[in-house]
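Comments concern the structure below.
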Amino acid sequence: MTVKITARFPDTESADFSLGRILQAVSNIYESRVYYDSESDGVGIANNILYYAKGGAPTYNTANNFSSAFEIDRSDKLLEECLASVICERDDADEVRSIIYNGGGCDVYIFEV
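Heads up: the sequence shown begins at 1 in our numbering, then just goes up one per residue.
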């Protein structure tokens with residue numbers, strides 16, 4: 001059975017490091033993504049980047065990178081914060097969760113897919 005694990009990270013660097021570590025340590029990863037907001041010339045961009053999808057080589061920061069504009073109201077949230085998601089086998093969920101926590105992630109949730 002597969003599960004989706006989501007987590008919040010303080011910045012994209014810690015999310016990137018954790019996803020890379022997960023891909024090295026766990027063999028049954030089906031997909032990993034990172035979601036974060038950025039700003040360019042006062043326009044907000046919602047980034048959704050596919051880091052890895054099973055069936056192909058890891059494609060860091062290149063595959064399925066798409067953005068959409070949104071209005072920036074960041075008074076309640078840090079711009080650098082990002083979310084990550086991993087789809088894996090349920091048997092690997094504890095190891096993935098452990099790597100996320102060790103990499104600076106928090107608010108980890110596990111859902112059946």
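Where a beta carbon is used, it is the ideal one built from N, C-alpha and C, also for glycine.
Item                                                                                                     : Value
Inter-residue spacing [alpha-carbon to alpha-carbon] between Val108 and Thr6                             : 6 Å
Classification of Cys88 by the beta-carbon crowding that lies within 10 angstroms, buried from 16 upward : buried
Own chain residues within Cβ distance below 8 Å of Val113, not counting five before or after             : Thr2, Val3, Lys4, Ile87
Which listed residue (Pro10, Asp16, Arg8, Leu23) has its alpha carbon closest to that of Val96           : Leu23
Reduced DSSP secondary structure (H/G/I, E/B, other) of Glu81                                            : coil
Residue range of the beta strand (DSSP E) that includes Val96                                            : Run containing Val96: none in the beta strand (DSSP E); it sits in the alpha helix (DSSP H), 93-102.
8 Å Cβ cutoff met for Phe17 and Cys82                                                                    : no
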